[in-house]
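Notes to accompany the following structure.
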Amino acid sequence: MDNNKKTTFSLIPADSRILVVLPHPDDEAFSLSGTLAKHIAGGGQVTYACLTLGEMGRNMGIPPFTNRIGLPTIRKGELEKSAQAIGIQDLRMLGFHDKTIEFEVKEVLDGTIYDMIVELKPALIVTFSPGYSVHPDHDATGAAVVRAVERLPQAERPLLHTMAFSKNCYAELGQPDIENDVSDYLENKMKSIQAHRSQFQAVEMLGQNPLKDKEIKERFGKERFWTHQI
Amino acid sequence: MLLIEPTLIQQRIDDLQDQDLYIHLEMTTGAYAAHLDSTKHPAATFISNATLRYIHGSISGEGPYRVGLKTELGWVYSEGLTHYEETEQERLILAGHDTQGKLVVALQLSKEPF
C-alpha cells in the first residue's frame, strides 16, 4: 500500500450506507463523528450499531452525579444526543453488556453483525482494528466484524476501515492510508464529544481555557483510518 | 497458589458450566489503603455464597487474566486474576495478587457453600 497517497471517503459513493460497529457510547466521538457528519451531509446513510451502553464505565462525573444503577440510562441518553449531533439516521443499541464482548458466545455476536450486513448492504463498515485498540471490548468488536465479513462471498464484502490507537499501532500497521478532512464539520464533532458528559470532563479534555477555532481545527480537523484487507 | 495456566482454568470453567454453584467474588484495595497513603481511595466489595448458574464461561487475556461468566439474565466479570489454588479439585479458587503479594481480587466457585 502506498502510504504517501492519502485517499478519502470520496471513494464511497455519496448516497451509500456506512455501517459503524463500536462497543461503547462515545467510541464514535473523537475519531469518527466528523467523517460521519460529512458523509451524511453528502446524502449518505449511516447506521451506528453500538454494542453496549458502557454501563461499567468508572466515570460518574466530579462530583459523582450517577452510579452503577443509573449509568446505563445516562449513557443511553448521551449516545442519542451524540447521534443527533452527527445526523445519524439509524442508531441501534444492540444490548450487549459492557466489558463482556470478548466473552460473548461467538455465534451470537458474529451472527448479529452478519445479519445487519446482509440487511443493510453497506458500502463501508467502520470498526476498531483487532489487536490494536487497547480496550478488550474494542479488539473483540473489531475481530467479530472481521469474522462476520469473512462469511460473505468475496464479491459481496464491503470495504472495511478500522481505527487504532495502541502504542504499537503505527509500528505494526504503518500509517493510516485514509485521511479525511472534516474541518467543515467540527461543530457536529464538538457537539458529539460534548454529548458524552458523564465520560469526559471538559477541563481534562479541552484545558482550562476555551479552545480557539484554529486549535480545534488542528486537533480535531482530520480523521484517519486503516483499510483492513480481508 | 500457582500462577494461572489459562488452558487448565478454561477446562475447569467448562466443567462447572450449567450447574447450581456458590460464588464468592471480591475486590479490595485493603482496609489500610487510605491509612497508609491519604491519596488512596479505600474501596472493597464482596459477595459471598450467592448462588449462580452460568451457561457459558471463559478466561481471557495475557495475564493478569479476565474471566467472564454468562448467566441466563446477566454476567459475572472479574479482572486482574493471577493465581489459582492447585490443591483444590472440587472448587475453583482464583485470585489476583499485586506485586507485594497482597490480594486485590478473588473469584471462587463451588458446588458447596464456602
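So the sequences go chain by chain: A and B.
Under my numbering, the first sequence has 194 at position 191, and the numbering climbs by one with no breaks.
Under my numbering, the second sequence has 632 at position 92, and the numbering climbs by one with no breaks.
All C-beta atoms in this analysis are idealised placements derived from N, C-alpha and C, irrespective of residue type, glycine included.
Asked, Found
"Contact between the segment 585-600 of chain B and the segment 612-632 of chain B (3+ Cβ pairs under 8 Å)", "yes"
"Sequence-distant residues of its chain with Cβ nearer than 7 Å to residue 542/B (five each side left out)", "623, 624 and 626"
"Burial state of residue 61/A, where buried means 16 or more other Cβ atoms lie within 10 Å", "exposed"
"Identity of the residue in 231/A, 199/A, 189/A and 201/A nearest residue 217/A by Cα", "189/A"
"beta-carbon residue 562/B near the ligand ADP non-hydrogen atom, thresh 7 Å", "The model depicted lacks the ligand ADP and carries no ligand whatsoever."
"Short-range partners of chain C found in the segment 609-623 of chain B, where Cβ spacing is below 9 Å", "The chain labelled as chain C is not found among the protein chains of the depicted structure, namely A and B."
"Assigned exposure category for residue 579/B - 16 Cβ within 10 Å defines buried", "exposed"
"8 Å Cβ cutoff met for residue 233/A and residue 152/A", "yes"
"Inter-residue spacing [alpha-carbon to alpha-carbon] between residue 16/A and residue 83/A", "26 Å"
"Same chain only: Cβ atoms within 7 Å of residue 147/A, ignoring 5 sequence neighbours per side", "112, 113 and 116"
"Nearest neighbour of residue 633/B, chosen from 586/B, 640/B, 557/B and 563/B [CA to CA]", "563/B"
"The segment 165-179 of chain A contacting the segment 47-58 of chain A, beta-carbon criterion three pairs below 8 Å", "no"
"Inter-residue spacing [alpha-carbon to alpha-carbon] between residue 85/A and residue 52/A", "13 Å"
"Collapsed DSSP secondary structure at residue 61/A in the structure displayed", "coil"
"Inter-residue spacing [alpha-carbon to alpha-carbon] between residue 24/A and residue 165/A", "10 Å"
"Between the CA atoms of residue 586/B and residue 569/B - distance to the nearest angstrom", "12 Å"
"CB of residue 605/B within 8 Å of CB of residue 546/B, strictly", "yes"
"Of the residues 110/A, 122/A and 200/A, the one placed nearest residue 28/A, counting alpha carbons only", "200/A"
"Residue 161/A versus residue 124/A: straight-line alpha-carbon distance, rounded", "8 Å"
"For residue 29/A, the three-state DSSP class (helix, strand or coil)", "coil"
"Proximity test, Cβ basis, 8 Å: residue 606/B and chain A", "yes"
"Residue 105/A classed as buried or exposed, judged by whether at least 16 other C-beta atoms fall within 10 angstroms", "buried"
"Contact between the segment 133-148 of chain A and the segment 64-78 of chain A (3+ Cβ pairs under 8 Å)", "no"
"Beta-carbon spacing of residue 608/B, residue 103/A below 8 Å", "yes"
"Own chain partners of residue 638/B with C-beta closer than 8 Å, once the 5 adjacent residues on each side are dropped", "644"
"Residues, ordered as in the chain, of the segment 78-89 of chain A that lie near chain B by beta-carbon distance below 9 Å", "none"
"Residue-level contact to chain A via CB, residue 600/B, 8 Å cutoff", "yes"
"Under 7 Å from the C-beta of residue 100/A: neighbouring residues of chain B", "615"
"Own chain residues within Cβ distance below 6 Å of residue 202/A, not counting five before or after", "29 and 62"
"Own chain partners of residue 653/B with C-beta closer than 7 Å, once the 5 adjacent residues on each side are dropped", "562 and 589"
"Helix, strand or coil at residue 135/A according to DSSP, with G and I counted as helix", "coil"
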